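*Asks:* Here our numbering is used: position 75 in the sequence shown is 55, and no number is missing along the way. Before I ask anything, here is the structure I am working with.
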Amino acid sequence: MHLRAAGEFVKVASRFKSEITVFNGGRQANGKSILGLAGLAIPADVLFTIQIDGKDEKDARKAIEELIASNFNEDSSVDFKDRSEK
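Here's what the structure looks like:
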């Protein structure tokens, strides 16, 4: 995830009180920290996991899904797999 995408992610994640954690390659970062996300160095087209815990987690999840589906507010879109428990 490059810095612009990380910035967009942090902007959305910071709107919510829920804890948002991003996991990739055995490492994790606070989803509200641009430096933490940049430190994960997630390449394009690599799957990563997002954990959201808190009272507004459903709203946070929806907003983050929309951000990812919009390719972090860029012109092209991406697909993602829902691996949540139902």
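Beta carbons: idealized from backbone N, C-alpha and C, even for Gly. A quick note: this is a predicted structure, and the numbers were derived from the prediction, not measured.
Exposed or buried, which one is LYS12 when buried takes at least 16 other CB atoms within 10 Å?
*Replies:* With 16 or more other Cβ atoms within 10 Å, it is buried.
*Asks:* Just to confirm my understanding: we take VAL(-10), look at its own chain, exclude 5 residues before and 5 after, and list those with CB closer than 8 Å. What are they?
*Replies:* The residues are GLY11, LYS12, SER13, ILE14 and LEU17.
*Asks:* Just the C-alpha distance for SER(-2) and ALA24, rounded to the nearest angstrom, thanks.
*Replies:* In a straight line, the C-alpha of SER(-2) is about 26 Å away from that of ALA24.
*Asks:* Tell me which same chain residues have a C-beta within less than 6 Å of the C-beta of ALA(-14), skipping the five on either side of it?
*Replies:* ILE14, LEU17 and ALA18.
*Asks:* Who are GLU46's beta bridge partners in DSSP?
*Replies:* Beta-bridge pairing links GLU46 to no other residue.
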